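Set out below in structure tokens:
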């Protein structure tokens with residue numbers, strides 16, 4: 001069944017590519033003329049130049065004839081570029097159809113401003129999107145991206161034990177994703193069955209393990225940035241809850257914890273004048289600790 005779904009998707013993709021490059025009509029039923037000239041620039045496909053949706057000339061020279069129409073089959077994209085132009089969705093790049101901004105062969109999310117980049121080479125960076133997080137195949141993530149109707153601003157573990165991201169602004173439409181580089185495998189799952197994402201950011205701090213920070217039991221973020229996505233879960237009982245000890249600042253001790261490469265299962269006076277504990281599972285990485293209350 002999965003094989004036939006893939007074949008059907010490939011066939012539909014092929015049909016869409018063909019429709020974007022030939023036989024294009026306007027919404028009023030006229031034929032587009034390709035190539036056409038607009039402000040002395042030649043276009044081989046519909047463009048969003050100086051308009052909020054893809055359009056074409058119905059004669060070979062718009063500058064002379066002023067004949068044009070909106071291209072049928074394309075909606076107003078609603079996404080602007082950093083130059084103030086509108087993105088043209090869907091667009092073709094290297095024979096592949098894209099329905100949203102992408103980081104393919106570029107470190108920032110971008111889009112074509114005509115429906116066929118391969119012919120026109122017209123593009124710009126998408127406004128309102130960021131990246132900077134690289135993927136294991138050498139590409140870049142697009143943030144925010146949409147997955148199953150929800151918006152994410154960092155790498156996620158949904159459906160995968162390793163943090164991943166979409167390489168276009170809409171995974172639901174484009175199905176393009178990759179594993180985020182710099183994040184490691186961990187078998188920790190939350191009570192809802194999702195994988196923890198390590199390291200993750202919580203209130204500006206990076207965590208490489210479960211934490212009790214501002215909660216009465218161990219928890220973790222299920223995306224790499226809790227501050228942005230607010231996605232998290234409790235660690236099942238029997239894994240995190242061992243000895244419940246508070247610090248003088250009211251935080252919970254995390255047992256066992258690692259200090260100078262050694263594991264501790266209770267408070268210690270090592271290199272300190274009174275018993276203390278780590279408030280994360282790895283003091284060597286997080287440097288978060290407090291004096292124990294007895």
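Residue numbers (UniProt numbering): 1 to 294.
Beta carbons are placed, not taken as given, at the ideal position from N, Cα and C, and that holds for glycine.
These numbers come from a predicted model, not from an experiment.
Query: Got a sec? Which residues, its chain only, sit under 7 Å from residue 98 by beta carbon, not counting five neighbours each side?; Result: 90, 91, 168, 174
Query: Quick one, are the C-beta atoms of residue 304 and residue 63 less than 7 Å apart?; Result: The displayed coordinates of the chain run from 1 to 294. Any statement about residue 304 would go beyond what the structure contains.
Query: Could you pull the start and end residues of the alpha helix (DSSP H) that residue 286 belongs to?; Result: 283 to 286
Query: Taking residue 82 as the reference, which of 104, 123, 93, 148 has the closest Cα?; Result: 123
Query: How many angstroms separate the CA atom of residue 277 from the CA atom of residue 208?; Result: 17 Å
Query: Under the three-state reduction of DSSP, which class applies to residue 39: helix, strand or coil?; Result: coil
Query: Considering only their Cβ atoms, is the gap separating residue 101 from residue 129 smaller than 7 Å?; Result: yes
Query: Going by other Cβ atoms of all chains shown within 10 Å of its Cβ, with 16 needed for buried, is residue 126 buried or exposed?; Result: buried
Query: Closest by CA to residue 170, which one among 143, 159, 191, 121?; Result: 143
Query: Output the boundary residues of the beta strand (DSSP E) element that contains residue 202.; Result: 200 to 202
Query: What's the gap between the Cα of residue 288 and the Cα of residue 218?; Result: 15 Å
Query: Sort 47, 34, 283, 159 by Cα distance to residue 262 and report the nearest one.; Result: 283
Query: Excluding the 5 residues preceding and the 5 following residue 26 in the sequence, name in chain order all residues of the same chain whose CB lies nearer than 7 Å to its CB.; Result: 32, 56, 58, 69, 70, 71, 72
Query: Could you pull out every unbroken alpha helix (DSSP H) segment of at least 4 residues lying fully inside the region 114 to 146, listed in chain order?; Result: 117 to 120
Query: What three-state label does DSSP hand residue 102 in the structure shown?; Result: strand
Query: By Cβ distance, which residues of its chain are closer than 8 Å to residue 275, with the 5 residues on each side in sequence left out?; Result: 267, 268, 269, 291, 292, 294
Query: Distance, Cα to Cα, residue 190 vs residue 111?; Result: 37 Å
Query: Less than 8 Å between the CB atoms is what I'm expecting for residue 115 and residue 28, so what's the real figure, rounded?; Result: Contact doesn't hold; Cβ gap of about 18 Å is too wide.
Query: Is residue 135 closer than 7 Å to residue 86 when the C-beta atoms are compared?; Result: no
Query: What is the DSSP secondary structure of residue 64, counted as helix, strand or coil?; Result: helix
Query: At which residues does the alpha helix (DSSP H) containing residue 226 begin and terminate?; Result: 226 to 229
Query: Under DSSP, the alpha helix (DSSP H) around residue 207 begins and ends at which residues?; Result: Run containing residue 207: none in the alpha helix (DSSP H); it sits in the beta strand (DSSP E), 205 to 207.
Query: Tell me the DSSP secondary structure of residue 172 in three-state form.; Result: helix
Query: CB residue 253 to CB residue 220, shorter than 7 Å?; Result: no
Query: Confirm, please, whether the CB-CB distance from residue 231 to residue 295 is below 7 Å.; Result: Here the chain has residues from 1 to 294 only, and residue 295 is not among them.
Query: Identify whether residue 86 lies in helix, strand or coil by the three-state DSSP scheme.; Result: strand
Query: Once the 5 residues before and after residue 341 are set aside, which same chain residues still bring their CB inside 8 Å of it?; Result: Outside the shown range of the chain, which is 1 to 294, sits residue 341, and nothing can be said about it.
Query: Of the choices 178, 228, 247, whose alpha-carbon is the least far from that of residue 212?; Result: 247
Query: Let's test the definition: count the other Cβ atoms within 10 Å of the Cβ of residue 140 and tell me whether it reaches 16, buried, or not, exposed.; Result: buried
Query: Using the beta-carbon count (16 or more within 10 Å), is residue 154 buried or exposed?; Result: buried
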